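Below is one structure; the comments refer to it alone.
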Amino acid sequence: MEPRFKAIADHALLVKFADDASVEAHTCVIALDRAIASDPPVGMIETVPALVNLLVTFDPVLTDHLAVEGHVRKCLKGLKVEEIAGVRRHIQVCYEASFAPDLEAVASATGLSTDAVINAHLAGDYHVLMYGFSPGYAYLSGVTEEIQVPRKPAPIRDVPAGSVIIAGPQCLITTLTMPTGWSIIGRSPNAIFTGDATHPFLFDVGDNVTFERVDLATFERLSKDIDHG
Amino acid sequence: MANAAFSVSFAGPLVTVQDAGRPGNMRYGVSASGPMDRLAYDAANAALGNPPGATAIEISLGGLVLQCKEGAITLAITGGDFVVEHGPQKTGSWTVLTISKGERLAIRAGKAGSWAYLAFAGSLETEDWLGSQATHSTSGFGGGALQSGQTLVISDAGIRDDRLGEIVQPDFTPDGPIRVVTGPQDHHFSEGAVERLLSEAYKVTDAYDRMGMRLKGPLLELDGALSIPSEPIVRGSIQVSGDGVPTILLADHQTTGGYPKIATVISYDTDRLAQFRAGHSLRFTSISSEHSIDDVRTFMGMKTQYLSQISVPRGSLEQRLMGENLIHGCVFD
Numbered sequence: 004m005e006p007r008f009k010a011i012a013d014h015a016l017l018v019k020f021a022d023d024a025s026v027e028a029h030t031c032v033i034a035l036d037r038a039i040a041s042d043p044p045v046g047m048i049e050t051v052p053a054l055v056n057l058l059v060t061f062d063p064v065l066t067d068h069l070a071v072e073g074h075v076r077k078c079l080k081g082l083k084v085e086e087i088a089g090v091r092r093h094i095q096v097c098y099e100a101s102f103a104p105d106l107e108a109v110a111s112a113t114g115l116s117t118d119a120v121i122n123a124h125l126a127g128d129y130h131v132l133m134y135g136f137s138p139g140y141a142y143l144s145g146v147t148e149e150i151q152v153p154r155k156p157a158p159i160r161d162v163p164a165g166s167v168i169i170a171g172p173q174c175l176i177t178t179l180t181m182p183t184g185w186s187i188i189g190r191s192p193n194a195i196f197t198g199d200a201t202h203p204f205l206f207d208v209g210d211n212v213t214f215e216r217v218d219l220a221t222f223e224r225l226s227k228d229i230d231h232g
Numbered sequence: 028m029a030n031a032a033f034s035v036s037f038a039g040p041l042v043t044v045q046d047a048g049r050p051g052n053m054r055y056g057v058s059a060s061g062p063m064d065r066l067a068y069d070a071a072n073a074a075l076g077n078p079p080g081a082t083a084i085e086i087s088l089g090g091l092v093l094q095c096k097e098g099a100i101t102l103a104i105t106g107g108d109f110v111v112e113h114g115p116q117k118t119g120s121w122t123v124l125t126i127s128k129g130e131r132l133a134i135r136a137g138k139a140g141s142w143a144y145l146a147f148a149g150s151l152e153t154e155d156w157l158g159s160q161a162t163h164s165t166s167g168f169g170g171g172a173l174q175s176g177q178t179l180v181i182s183d184a185g186i187r188d189d190r191l192g193e194i195v196q197p198d199f200t201p202d203g204p205i206r207v208v209t210g211p212q213d214h215h216f217s218e219g220a221v222e223r224l225l226s227e228a229y230k231v232t233d234a235y236d237r238m239g240m241r242l243k244g245p246l247l248e249l250d251g252a253l254s255i256p257s258e259p260i261v262r263g264s265i266q267v268s269g270d271g272v273p274t275i276l277l278a279d280h281q282t283t284g285g286y287p288k289i290a291t292v293i294s295y296d297t298d299r300l301a302q303f304r305a306g307h308s309l310r311f312t313s314i315s316s317e318h319s320i321d322d323v324r325t326f327m328g329m330k331t332q333y334l335s336q337i338s339v340p341r342g343s344l345e346q347r348l349m350g351e352n353l354i355h356g357c358v359f360d
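The listed protein sequences correspond, in order, to chains A and H. Using the working numbering, you'd call the opening residue of the first sequence number 4 and step up by one each time. Using the working numbering, you'd call the opening residue of the second sequence number 28 and step up by one each time.
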């Protein structure tokens with residue numbers, strides 16, 4: 004795909020592959036992100052991958068939009084979109100009722116049993132699209148159509164960190180106690196903040212995610228492991 | 028060197044620990060944070076001869092009152108036009124002073140400005156997150172917000188007699204309209220919306236914190252295409268919600284979002300913008316991205332020169348008293 008370039012203020016360039024979200028556009032974003040990471044332009048500060056575009060921020064004292072665009076065009080020439088493969092991450096989820104206050108509501112909205120909702124959630128093939136909203140909030144695509152439900156009309160406050168939430172085709176594991184209007188269907192004992200300075204967040208954009216069901220005892224054991232670092 | 032310790036007698040909301048910030052983590056949903064007014068923050072460290080990026084405290088309009096419990100230390104206070112009370116002495120912000128055990132320091136909102144900076148001739152001991160002590164206010168990560176009753180410890184506390192007194196304020200900050208580069212989603216607005224943004228006056232509302240500043244003024248209508256795919260956001264993005272109200276995103280902004288951005292404030296104008304208070308009227312002007320690069324380079328040249336000037340020690344108190352008149356507002360026992 005041939006991207007368009009847009010200068011953002013004095014310190015960033017937005018590289019946009021499409022107007023509407025698509026797997027193809029997102030694959031191009033990830034491929035370009037990786038190509039730039041292995042060959043960053045002079046003065047670059049960071050790149051931010053999103054659904055259809057990649058932001059490249061830079062120090063305007065050291066470079067400018069045109070120089071960065073030139074470098075990005077060079078990276079685009081050798082871009083190998085077909086070779087993009089993300090790491091597969093396995094995330095455990097406990098669907099215990101106390102962790103899943105909206106499971107019943109999702110079941111009745113979709114005409115499924117709660118077990119069928121859980122199985123549909125486990126059956127999805129998830130893909131890390133981008134981060135947003137708050138530190139560590141990774142937006143995953145791949146919620147199967149049968150359990151896609153809209154956002155609630157009003158957000159619920161103080162939703163605990165680790166909550167597994169869904170809205171439309173997207174799923175997210177919260178990292179902070181925050182309000183959300185998404186449906187809360189479980190909780191994960193896995194830490195998104197890894198505590199590892201070289202890889203501080205579990206997911207990279209482009210990773211694939213598989214959910215695995217755990218019971219309450221396993222959840223508690225795994226949560227304890229996190230607490231003890 | 029010894030430690031200095033303070034108890035926080037009072038801290039208003041959004042009084043936070045800040046360093047130069049943690050760029051490089053936006054891909055994980057983490058904005059860089061750091062000072063709302065980077066020039067004033069840099070000046071506070073320069074005036075003490077600190078390395079750039081040393082950890083300081085950002086003080087909101089809510090103010091801060093400290094009581095020195097242990098040791099003595101030289102401090103620099105910059106930013107806006109705040110009121111600084113050190114024992115019986117009352118000065119403005121932009122001052123260097125030494126505070127000792129038993130003394131009280133109060134920094135309160137003054138005539139102008141929304142943020143002041145308190146830098147220390149020493150190392151403030153606070154929490155680090157992702158290699159930075161800057162507070163990300165919505166998560167609380169980093170050094171964090173100061174709470175009344177807590178204790179602050181500064182290790183390697185130094186006394187810098189050769190730096191005491193008033194700090195020369197920067198005189199090169201422009202006071203004209205806030206400069207923006209239009210876009211990236213200006214095409215999502217109805218005809219005339221960009222012209223309206225650039226020709227009408229907008230007011231700062233009290234919906235203003237480290238995440239952003241909501242404005243009041245003529246509405247900027249979208250052309251109906253409200254649902255754009257979530258796109259990256261930068262500090263300075265002017266995003267417009269579905270009701271046409273613009274918000275300028277600042278130091279602790281969300282990293283991606285689906286609201287269209289009509290324009291983006293150029294980097295150093297976000298610093299002077301941040302000092303405006305609720306009710307302040309402002310205007311925008313559009314410049315090309317090429318022009319914005321020229322402007323920022325000129326500004327950074329002046330900033331570097333200014334910081335190097337104020338970082339030169341001005342000699343001992345004795346030398347200075349012999350060489351110049353008593354600095355106004357200060358009384359030496």
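Each residue gets a CB set at the ideal place from its N, CA and C atoms; glycine is no exception. Given the structure is predicted, the values throughout are model-derived calculations rather than measurements.
| Query | Result |
| --- | --- |
| Can the beta-carbon of Arg92 of chain A be found less than 9 Å from the beta-carbon of Leu205 of chain A? | yes |
| Give the residues of chain A in contact with Arg299 of chain H, contact being defined as C-beta atoms less than 7 Å apart. | By Cβ distance, chain A contributes nothing, its closest Cβ being about 15 Å from Arg299 of chain H, past 7 Å. |
| Quick one: what does DSSP say Glu112 of chain H is sitting in, helix, strand or coil? | strand |
| Could you spell out the range, first to last residue, of the alpha helix (DSSP H) harbouring His93 of chain A? | Premise fails: His93 of chain A lies in the beta strand (DSSP E), 91-96, not in any alpha helix (DSSP H). |
| Taking Thr165 of chain H as the reference, which of H:Ile134, H:Val42, H:Val35, H:Ser313 has the closest Cα? | H:Val42 |
| Within 10 angstroms of its Cβ, does Gly198 of chain A collect 16 or more other Cβ (buried), or is it exposed? | exposed |
| Would you verify that the beta carbon of Ser335 of chain H is, or is not, closer than 9 Å to some beta carbon of chain A? | no |
| Does His14 of chain A come out as helix, strand or coil in the three-state DSSP assignment? | coil |
| What residue from H:Pro78, H:Pro50, H:Ala74 has the CA that sits closest to Thr50 of chain A's CA? | H:Pro50 |
| Give a yes or no on whether the minimum CB-CB distance between Val323 of chain H and chain A is below 9 Å. | yes |
| In the structure shown, what three-state DSSP assignment does Lys9 of chain A receive? | strand |
| Thinking C-beta only, is Thr183 of chain A closer than 9 Å to Ala164 of chain A? | no |
| Do you know offhand how far Val146 of chain A's Cα is from Tyr98 of chain A's? | 16 Å |
| Just grab the DSSP bridge partners of Leu102 of chain H for me. | H:Leu124, H:Phe147 |
| Is the CB of Val90 of chain A under 9 Å away from at least one CB in chain H? | no |
| List the residues of chain A whose Cβ lies closer than 8 Å to the Cβ of Phe168 of chain H, in chain order. | Pro138 |
| Would Glu227 of chain H and Ala143 of chain H be called neighbours here (beta carbons separated by less than 9 Å)? | no |
| With C-beta atoms as the reference, is Val96 of chain A less than 9 Å away from Val167 of chain A? | yes |
| Give the residues from the stretch 43-54 of chain A that approach chain H closer than 8 Å (Cβ to any Cβ), ordered along the chain. | Ile48, Glu49, Thr50, Val51, Pro52, Ala53, Leu54 |
| Roughly how many whole angstroms lie between the Cα atoms of Thr125 of chain H and Arg131 of chain H? | 11 Å |
| By Cβ distance, which residues of its chain are closer than 7 Å to Gly52 of chain H, with the 5 residues on each side in sequence left out? | Here residue 52 of chain H turns out to be Asn, not Gly, going by the sequence shown. Within the same chain, Asn52 of chain H has close Cβ partners Leu157. |
| Whose C-alpha, out of H:Gly285, H:Arg262, H:Lys138, H:Arg299, is nearest the C-alpha of Ala59 of chain H? | H:Arg262 |
| What does DSSP give as the partner residues of Ile361 of chain H in its beta bridges? | Missing from the structure shown is residue 361 of chain H; chain H here goes from 28 to 360 and no further. |
| Check each residue of the stretch 108-134 of chain A: if its Cβ is closer than 7 Å to any Cβ of chain H, include it; give the result in chain order. | Met133, Tyr134 |
| In whole angstroms, give me the CA-to-CA distance for Thr180 of chain H and Pro79 of chain H. | Residue identity check: residue 180 of chain H is Val in the sequence provided, not Thr. Distance between the alpha carbons of Val180 of chain H and Pro79 of chain H is about 20 Å. |
| Let me check one thing: in DSSP terms, what residues is His130 of chain A bridge-paired to? | A:Ser144, A:Asn211 |
| Let me know the alpha helix (DSSP H) ranges lying completely inside the stretch 181-230 of chain H, each 4 residues or longer, listed in chain order. | 220-226 |
| Closer than 7 Å by beta-carbon distance: list the chain A residues that pair up with Cys267 of chain H, in chain order. | Inspection of the sequence shows that residue 267 of chain H is occupied by Val rather than by Cys. Within 7 Å Cβ-Cβ: nothing; Val267 of chain H doesn't reach chain A, min ~16 Å. |
| Who are the neighbours of Leu157 of chain H on chain A, taking C-beta pairs under 7 Å? | Pro203 |
| For Asp108 of chain H and Pro201 of chain H, I'd like the C-alpha separation in whole angstroms. | 17 Å |
| Who are the near neighbours of His231 of chain A in its chain, counting only those whose CB is closer than 6 Å to its CB and skipping five residues on each side? | Low confidence applies to His231 of chain A: its pLDDT is 42, below 50, so where it sits in the model is not reliable, and the reading given next is rough at best. Closer than 6 Å at the Cβ level, and outside the excluded window around His231 of chain A, lies no residue. |
| Between the Cα of Asp236 of chain H and those of H:Pro40, H:Gly170, H:Ser36, H:Ala32, spot the shortest distance and give me the residue it belongs to. | H:Pro40 |
| How is Gly328 of chain H classed by DSSP in three states: helix, strand or coil? | helix |
| Give me the Cα-Cα distance between Tyr2 of chain A and Met329 of chain H, rounded to the nearest whole angstrom. | In the structure as shown, chain A starts at 4 and stops at 232, and residue 2 of chain A therefore has no counterpart that could be examined. |
| Does any residue of chain H bring its CB to less than 9 Å from the CB of Tyr98 of chain A? | no |
| Taking the beta strand (DSSP E) that Gly90 of chain H falls in, what are its first and last residues? | No beta strand (DSSP E) holds Gly90 of chain H; DSSP gives it neither H nor E. |
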